[in-house]
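Engineer: Sharing a structure here in structure tokens format.
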């Protein structure tokens, strides 16, 4: 597994969990007040319980971001995520549909061009795009700010 992305030092409301005897998934998320962006990254094998924990934490962060910034800009690095099974994928789709709205811009960073469709499906709401380059994703997110 690649090294876990370390968020910019000024993330607000940061949530982080690491692998333990209970899980292999990793997750870091917080608010970047300078750019008005929700920044998330994760890795490891994601199971249904991890998806539920993600949803619980992400709901709080997104609600605060929406209060501060209005429509959201979300940077999600999924290059090192492995979703355990189809049920977990469906669970992510349903949860993301509850968290995000049609006006939100979501940029997912993936390992390869072949992986680009997966986040578009899992993030089934909002203006969403997948990128191999984090810099391209950042430029796309900030282009209309």
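In my numbering, the protein residues as written are 227 to 371. Here a beta-carbon is modelled for each residue, glycine too, at the ideal position from N, C-alpha and C. Remember, predicted model here, so these are calculated numbers, not experimental data.
1) Check residue 261 in the structure and name its three-state DSSP category.
2) Between 357, 368 and 305, which has its C-alpha nearest residue 271's C-alpha?
3) Report yes or no: do three or more beta-carbon pairs, one from the stretch 318-329 and one from the stretch 294-309, lie closer than 8 angstroms?
4) Based on Cα-Cα distance, which residue from 287, 363 and 315 lies nearest to residue 237?
5) Let's test the definition: count the other Cβ atoms within 10 Å of the Cβ of residue 168 and tell me whether it reaches 16, buried, or not, exposed.
6) What are the boundary residues of the alpha helix (DSSP H) that residue 292 is part of?
7) Cβ atoms of residue 333 and residue 358: under 9 angstroms apart, would you say?
8) So, helix, strand or coil for residue 316, using DSSP?
9) Could you check what DSSP says for residue 367 in three-state terms: helix, strand or coil?
10) Going by alpha carbons, who is nearest to residue 364 out of 325, 302 and 239?
11) In terms of residues, what are the limits of the beta strand (DSSP E) holding residue 303?
12) So, does the CB of residue 276 fall closer than 9 angstroms to a CB anywhere in chain D?
13) Considering only C-alpha positions, which residue in the set 308, 325 and 336 is nearest to residue 281?
14) Output needed for residue 339: all residues of its chain with C-beta closer than 8 angstroms, excluding positions within five of it in sequence on either side, in chain order.
Structural biologist: Once the coordinates are examined:
1) Taking the first residue of the chain shown as 1, we reach residue 261 at position 35. Note: residue 261 maps to coil in three-state DSSP.
2) Translated into the one-based positions of the chain shown, residue 271 becomes position 45. Checking every option, the nearest Cα to that of residue 271 belongs to 305.
3) yes
4) For the purposes of this step, residue 237 is taken as the residue at position 11 of the chain shown. Residue 287 is the option with its Cα nearest to residue 237.
5) With the chain running from 227 to 371 in the structure shown, residue 168 is simply not present.
6) Position 66 of the chain shown holds residue 292. Where residue 292 is concerned, the enclosing alpha helix (DSSP H) stretches over 274-295.
7) For the purposes of this step, residue 358 is taken as residue 132 along the chain shown, with counting starting at 1. For the purposes of this step, residue 333 is taken as residue 107 along the chain shown, with counting starting at 1. Their beta carbons are not under 9 angstroms apart, which means residue 358 does not touch residue 333 by this criterion.
8) The residue labelled residue 316 in the question sits at position 90 within the chain shown. Three-state result, residue 316: helix.
9) As a first step, residue 367 is located in the chain shown; it is residue number 141 there, counting from the start. Helix, per DSSP.
10) For the purposes of this step, residue 364 is taken as residue 138 along the chain shown, with counting starting at 1. Here the closest residue by C-alpha is 302.
11) Within the chain shown, numbered from 1, the residue matching residue 303 stands at position 77. Residues 299-309.
12) Included in the structure is just one protein chain, with no chain D present.
13) By one-based count along the chain shown, residue 281 stands at place 55. Here the closest residue by C-alpha is 325.
14) As a working mapping, residue 339 is identified with position 113 in the chain shown. Around residue 339: 358.
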